[in-house]
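Engineer: So that we are looking at the same thing, I have put the structure below in structure tokens.
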Amino acid sequence: MSEKTDSREAAYQIHPIGYVRSAERGSYLEILEPFRPALRQLDRFSHVIVLWWADRHDNEESRSVTQCRPPYADDRLTGIFACRAEYRPNPIAITACKIAAFDEEAGIVRVEYIDAYDGTPIVDLKAYFPVSDRVREARVPEWVAEWPEWVEDGHLLAF
Numbered sequence: 044m045s046e047k048t049d050s051r052e053a054a055y056q057i058h059p060i061g062y063v064r065s066a067e068r069g070s071y072l073e074i075l076e077p078f079r080p081a082l083r084q085l086d087r088f089s090h091v092i093v094l095w096w097a098d099r100h101d102n103e104e105s106r107s108v109t110q111c112r113p114p115y116a117d118d119r120l121t122g123i124f125a126c127r128a129e130y131r132p133n134p135i136a137i138t139a140c141k142i143a144a145f146d147e148e149a150g151i152v153r154v155e156y157i158d159a160y161d162g163t164p165i166v167d168l169k170a171y172f173p174v175s176d177r178v179r180e181a182r183v184p185e186w187v188a189e190w191p192e193w194v195e196d197g198h199l200l201a202f
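In the working numbering, the protein residues as written are 44 to 202.
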């Protein structure tokens with residue numbers, strides 16, 4: 044068994060595997076050449092989970108935020124871990140995206156929607172597996188209870 048380390052002393056290195064790109068015709072993921080072999084068979088899936096670095100909030104101020112008033116519930120004070128805000132101790136964000144087109148050789152994964160800015164670093168991709176990426180009886184607080192169950196039903200919620 045290893046000795047526990049104070050979390051303030053531990054450091055981890057994360058390197059981008061690509062970048063989010065926004066164009067007139069929609070958004071796509073541009074995967075860097077060394078990581079393109081990792082795309083093999085991803086086109087067999089309908090969706091991909093994109094983990095991205097909210098680099099515009101990678102600063103001391105944003106990383107120290109522990110509570111906020113989410114834009115979709117500004118009458119509520121929530122802990123950062125109870126919302127999807129991009130300001131957090133580690134600015135890691137996640138979006139499940141429908142794959143609209145795919146070019147493995149060029150490292151392009153066109154997605155229907157992603158809530159990240161153009162140029163946002165991508166830190167990982169994971170194929171969407173319904174058996175482990177969804178739950179049967181999810182519970183949410185009343186301030187988001189009227190949201191559609193599926194993003195497609197809400198046709199890209201405006202936050």
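Cβ atoms here follow ideal geometry from the backbone N, Cα and C, with glycine treated the same way.
Tell me the rounded alpha-carbon separation between phenylalanine 124 and valine 174.
Structural biologist: Taking the first residue of the sequence shown as 1, we reach residue 124 at position 81. Taking the first residue of the sequence shown as 1, we reach residue 174 at position 131. Their Cα atoms are separated by approximately 24 angstroms.
Engineer: Have a look at glutamine 56 and isoleucine 142 and give me their C-alpha separation to the nearest angstrom.
Structural biologist: Along the sequence shown, one-based indexing puts residue 56 at 13. Along the sequence shown, one-based indexing puts residue 142 at 99. If I take the Cα positions, the gap works out to 28 angstroms.
Engineer: List the endpoints of the continuous beta strand (DSSP E) containing arginine 153.
Structural biologist: Reading the sequence shown from its first residue, position 110 is the one you call residue 153. Run containing arginine 153: 151-154, per the beta strand (DSSP E) assignment.
Engineer: Evaluate the contact criterion for the segment 124-136 versus the segment 98-116: three or more CB pairs, one atom per stretch, below 8 angstroms.
Structural biologist: Segments in contact, yes.
Engineer: In whole angstroms, what is the alpha-carbon distance linking tyrosine 130 and glutamate 147?
Structural biologist: Taking the first residue of the sequence shown as 1, we reach residue 130 at position 87. Taking the first residue of the sequence shown as 1, we reach residue 147 at position 104. So the two alpha carbons sit approximately 32 angstroms from each other.
Engineer: So what does DSSP say about valine 91, is it helix, strand or coil?
Structural biologist: Start at 1 with the first residue of the sequence shown, and residue 91 comes out as number 48. Strand.
Engineer: Does alanine 201 come out as helix, strand or coil in the three-state DSSP assignment?
Structural biologist: Your numbering for residue 201 matches position 158 in the sequence shown. Summary for alanine 201: the model assigns pLDDT 45, below 50, so the residue's position carries little reliability, and this model does not support an answer.
Engineer: So, helix, strand or coil for isoleucine 74, using DSSP?
Structural biologist: The residue labelled residue 74 in the question sits at position 31 within the sequence shown. Three-state result, isoleucine 74: strand.
Engineer: For tryptophan 190, does the count of other Cβ atoms within 10 angstroms reach 16, so buried, or fall short, so exposed?
Structural biologist: By 1-based counting over the sequence shown, the position of residue 190 is 147. Tryptophan 190 comes out exposed.
Engineer: Count the other C-beta atoms from every protein chain shown that fall within 10 angstroms of the C-beta of aspartate 158, then say buried if there are 16 or more, exposed otherwise.
Structural biologist: Here residue 158 refers to the residue found at position 115 of the sequence shown. Buried is the call here.
Engineer: Could you check what DSSP says for leucine 120 in three-state terms: helix, strand or coil?
Structural biologist: Indexing the sequence shown from 1 puts residue 120 at position 77. Of the three classes helix, strand and coil, the one that applies to leucine 120 here is coil, per DSSP.
Engineer: Quick one: what does DSSP say tryptophan 193 is sitting in, helix, strand or coil?
Structural biologist: Start at 1 with the first residue of the sequence shown, and residue 193 comes out as number 150. Note: tryptophan 193 maps to coil in three-state DSSP.
Engineer: Check whether the segment 112-126 touches the segment 180-190, taking contact to mean three or more Cβ pairs, one atom from each stretch, closer than 8 angstroms.
Structural biologist: Yes: at least three Cβ pairs fall under 8 angstroms.
Engineer: Taking the beta strand (DSSP E) that valine 166 falls in, what are its first and last residues?
Structural biologist: Reading the sequence shown from its first residue, position 123 is the one you call residue 166. Segment 164-170, the beta strand (DSSP E) holding valine 166.
Engineer: How is alanine 136 classed by DSSP in three states: helix, strand or coil?
Structural biologist: Translated into the one-based positions of the sequence shown, residue 136 becomes position 93. In the structure shown, alanine 136 sits in a strand (DSSP, three-state: E or B).
Engineer: So, using beta-carbon positions, are cysteine 140 and isoleucine 74 closer together than 9 angstroms?
Structural biologist: For this step, residue 140 is matched to residue 97 along the sequence shown. For this step, residue 74 is matched to residue 31 along the sequence shown. Against a cut-off of 9 angstroms, the Cβ pair of isoleucine 74 and cysteine 140 comes out as no contact.
Engineer: Could you name the residues of the same chain whose beta carbon sits closer than 8 angstroms to that of arginine 64, not counting the 5 residues immediately before and after it, in chain order?
Structural biologist: Here residue 64 corresponds to residue number 21 of the sequence shown, with the count starting at 1. For arginine 64, where only same-chain residues beyond five positions count, the Cβ hits under 8 angstroms are Ser70, Tyr71, Leu72, Glu73, Asp161, Gly162.
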